[in-house]
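This report concerns only the one structure given below.
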Amino acid sequence: MSAWANTRGRHVLREFIVTICAGDPAVLSSVRLQRVVLKTEKYVGELPVFYFLLFKLTLYLLNYALPPLSWKLRPFTWMNLEERQHYLEEWQASSFYYKRTLFKMVQCVCVSHLYSERKLLESIGFGESLAHREQRSFAGSLPMSEAPSGPGGAP
Amino acid sequence: MIVDGAHTGKDLEERFDAVVIGSGAGGAVVAKELAEGGMRVAVLEEGAHHKTTSHTDLPYEAISRLYRDKGFTTTVGKPAIPVPMGRALGGTTVINSGTCFRTPTKVLEHWERDLGLHSLTEASFNPFFERVEREINVVDGEFKVMSRANTIIHEALSKRGTPGKALKRNIRGCEGCGFCCYGCPSGAKQSMDVSYLPKAFLAGAKAFTNTKFERFLTEGRRVVGVEATFHRDSGPSTGHRLTIKAPLVILAAGTIHSPQLLRNNGVAVENRNLGRNLTLHPATKVFARFDEEVNGWQGTPQAYYSDLLKDQGITFEGIFVPPDVAAMTVPFVGRRLNEFMRDYKHMAAFGFLISDSSTGRVVRLPFVGTTVLYNFQEADIEKFRTAIAFLARVFLEAGANKVYTLLHGYSELSSEADIQRLEKGRLKAEDIDGMAFHPLGTCGAGRVARWDQRAGEGVMIADGSVVPESLGVNPQVTIAAFGLRAAEKLLESRP
Chain E
1 MSAWANTRGR HVLREFIVTI CAGDPAVLSS VRLQRVVLKT EKYVGELPVF YFLLFKLTLY
61 LLNYALPPLS WKLRPFTWMN LEERQHYLEE WQASSFYYKR TLFKMVQCVC VSHLYSERKL
121 LESIGFGESL AHREQRSFAG SLPMSEAPSG PGGAP
Chain H
1001 MIVDGAHTGK DLEERFDAVV IGSGAGGAVV AKELAEGGMR VAVLEEGAHH KTTSHTDLPY
1061 EAISRLYRDK GFTTTVGKPA IPVPMGRALG GTTVINSGTC FRTPTKVLEH WERDLGLHSL
1121 TEASFNPFFE RVEREINVVD GEFKVMSRAN TIIHEALSKR GTPGKALKRN IRGCEGCGFC
1181 CYGCPSGAKQ SMDVSYLPKA FLAGAKAFTN TKFERFLTEG RRVVGVEATF HRDSGPSTGH
1241 RLTIKAPLVI LAAGTIHSPQ LLRNNGVAVE NRNLGRNLTL HPATKVFARF DEEVNGWQGT
1301 PQAYYSDLLK DQGITFEGIF VPPDVAAMTV PFVGRRLNEF MRDYKHMAAF GFLISDSSTG
1361 RVVRLPFVGT TVLYNFQEAD IEKFRTAIAF LARVFLEAGA NKVYTLLHGY SELSSEADIQ
1421 RLEKGRLKAE DIDGMAFHPL GTCGAGRVAR WDQRAGEGVM IADGSVVPES LGVNPQVTIA
1481 AFGLRAAEKL LESRP
């Protein structure tokens, strides 16, 4: 299910991610948006079925602004950036718990993929720590890699 | 020896003296002890074996790789809270913070006095604690590798005259790179995959990874083995099966899955406590913005604690998450999210966990699978309010410009008046955004399992599910001690 979104779904996902960072050029210039969308899509496609369906449903509800969760009666993608931002803020601050929770699920997946872009992390100051992690190749005193493998064992 | 189920390419049938289902804090200990005691032992692990050298990815990628359900395991109830659990050889110890506590004396006294568990005394457990601590090298935390997010709180509490303490951790040569929860890249954290399991393998134990337990094999009421299926890495079945004949099965699949596995196999189903009495440690964190650059991701994120409010069931512990993980929890979108993340190097954070008075249960829901039903009770909501107000005050005293909470309606606190508004205001369970750790109690000793941890003929339990109740502190040493206790009993009763 890794490529579950059609062109429209991908477009909604893309616009959602752009709105989440308020279309900020400082953020968007540090990320490859298409890659973020594809990574997000792949991640969602690999979630357990229940969460996958919930994510898809929420994205649909968010886009079509359907009652009773919303009364905009205008798709999210038709709104301008300012309207979209207000719209997402409404979801996030909603007094209706389930609406807030669904929004949080979609937000948390999209934001984590947006903020996993290396240049963006470097702009925050996290680059050095990240490089440190990537360069580690320590083998412990009793490494599992030296444990003998049986038939079909790990290479 | 490790056999990767993803690559066997055929069905396997083997005989052992004991099979351990799960390789976390409980299972790994049992496996090592039994193997060193001369038994032929198999360990079944649903996750894969991730070598220390593979922990080089981004934290959010590591969550996908090492956490069950990609970190999406969530309770059903108000509020719905994520319960992160590991899915790898070594279990949750691969992704925990390395914090080590013994079972608090008060808790052991309560078990003995109120639950009638006379064999679970401090005197009987101390030798187990000592052995576990020696094996996983539990040492006092060092201030020099502590995240600045922790030392800010240390300085503030010291000024108040109520300093906390450095946490004890299971480490060898920790440099404080700050990635404990995403697979320790230096092998410093003595999780089960680098401490107990290698010794189990040296003693002849055999682990089957990417191997999912399916059912017990029985003769009459007695369990005489298990059947499992091989899987590709976190993916679909390879179509091949593993059959193990063993007169002893030790269930260590974790607090949430062990009761469901028993239920699916008709073991202990007549016991109405099976899967009930689940306790969690609901937890959250508070962010605070300082003028100084905190760079909280440098240094050990969970290295300091305060038990100042332990009588109220609250334990404060350090926590700081890398930016890609923090971004998920920030209660803002748009410009405010950008501002928060731009300022992340100026943010400190500290967390707490509560000893819950709420209890939940494990059920199997259509489409969702095995899940946890759990609702916050009023008393626990008040604990959250108290703890957040306390941390907000400490941070403001320490010079923070602003404190950010994950409470709906109280996301920013910048003055004493704001804190008082939180203290007096309305707070509902669904206003709380947090996580929950350390599930315990669903096959509790004395309730489901017998006092000697047996749950049926040929089945013993050795994971968090057998711990009777909430501890109020991180449970890996307790779970390992229960594992050791189970192994000792098995070796003693061996003909």
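For the record, the sequence lines run as chains E and H. As numbered in our numbering, residues 1 to 155 make up the first sequence, in order. As numbered in our numbering, residues 1001 to 1495 make up the second sequence, in order. All residues carry an ideal CB built from backbone N, CA and C; glycine is no exception. Everything numeric in this text was worked out from a predicted model, so none of it was measured.
Within its own chain, the residues whose Cβ lies closer than 7 Å to the Cβ of H/V1269, once the five positions on either side in sequence are excluded, are R1263, listed in chain order. Taking the Cβ atoms as the reference, H/S1186 lies roughly 6 Å from H/E1175, within the contact range of under 8 Å.
Within the same chain, Cβ atoms closer than 8 Å to the Cβ of E/I20 are found at L88, Q107, C110, V111 and L114, the five residues on either side in sequence being excluded. Sixteen is the threshold: since fewer than 16 other Cβ atoms of the shown chains lie within 10 Å of the Cβ of H/N1126, the residue is exposed. For the 8 Å CB-CB criterion, H/L1407 and H/I1388 form a contact.
If you look at H/S1415, you'll find it isn't in any alpha helix (DSSP H); DSSP assigns it neither H nor E. For H/R1289, no Cβ of chain E is located within less than 8 Å of the residue's own Cβ.
With distances taken between CA atoms, H/L1471 lies nearest to H/T1315 out of H/I1021, H/E1061, H/G1220 and H/T1315.
With respect to the C-alpha of H/K1245, the residue from H/T1103, H/D1233, H/L1413 and H/R1215 having the closest C-alpha is H/R1215. DSSP places H/G1456 within a strand segment (E or B) once states are collapsed to three.
Proximity to H/D1057 across E/S116, E/I124, E/Y43 and E/L120 peaks at E/S116, based on C-alpha coordinates. Closest in C-alpha terms to H/I1081, from the list H/G1399, H/K1032 and H/T1329, comes H/T1329. Cβ-Cβ distances below 7 Å link H/D1307 to T1315 in the same chain, with the five nearest sequence neighbours on each side left out; the list follows chain order. Under DSSP, H/V1138 takes part in a beta bridge, and its partners are H/N1170. In the three-state reduction of the DSSP assignment, E/L130 falls in the helix class. At least one C-beta of chain H is nearer than 8 Å to the C-beta of E/P48. Secondary structure remark: continuous alpha helix (DSSP H) runs of at least 4 residues inside the segment 1227 to 1289 of chain H, in chain order: 1258 to 1264. With respect to the C-alpha of H/E1292, the residue from H/K1285, H/Y1344, H/I1063 and H/E1317 having the closest C-alpha is H/Y1344. By the CB criterion at 8 Å, H/Y1374 and H/G1351 fall outside the cutoff.
Linking H/G1296 to H/F1179 through their CA atoms gives a straight-line distance of about 12 Å. Taking the CA atoms as reference points, H/L1278 sits about 44 Å from E/L28. Burial state of H/G1024 is buried, judged by a 10 Å Cβ sphere holding 16 or more other Cβ atoms.
For H/Y1404, no alpha helix (DSSP H) encloses it; the enclosing beta strand (DSSP E) starts and ends at K1402 to Y1404. Taking all protein chains shown into account, E/N63 has 16 or more neighbouring C-beta atoms within 10 Å of its C-beta and is therefore buried.
Judged by DSSP in its simplified three-state form, H/E1013 adopts strand. Relative to H/R1335, the option among E/E128, E/R133 and E/R84 whose CA is nearest is E/R84. Counting the other CB atoms within 10 Å of its CB gives E/Q34 a total below 16, which places it among the exposed residues.
By the criterion of a C-beta distance shorter than 7 Å, H/L1413 is surrounded in its chain by A1392, V1403, T1405, I1419 and L1422, once the five residues flanking it on both sides are discounted.
Taken through DSSP and simplified to helix, strand or coil, H/M1001 comes out as coil. For H/K1212, the secondary structure class from DSSP, reduced to helix, strand or coil, is strand.
Using a Cβ-Cβ cut-off of 7 Å, H/Q1298 is close to S129 of chain E, given in chain order. Between the segment 1461 to 1478 of chain H and the segment 1272 to 1290 of chain H, the count of C-beta pairs closer than 8 Å reaches three or more; the two stretches touch. About 4 Å separates the beta carbons of H/V1362 and H/G1275, which is inside the 8 Å limit, making them a contact pair. Cα atoms of H/K1032 and H/F1016: separation of roughly 14 Å, rounded to the nearest angstrom. A Cβ of chain H is located within less than 8 Å of the beta carbon of E/E134. In this structure, the straight-line span from the alpha carbon of H/I1354 to that of H/A1028 is close to 28 Å.
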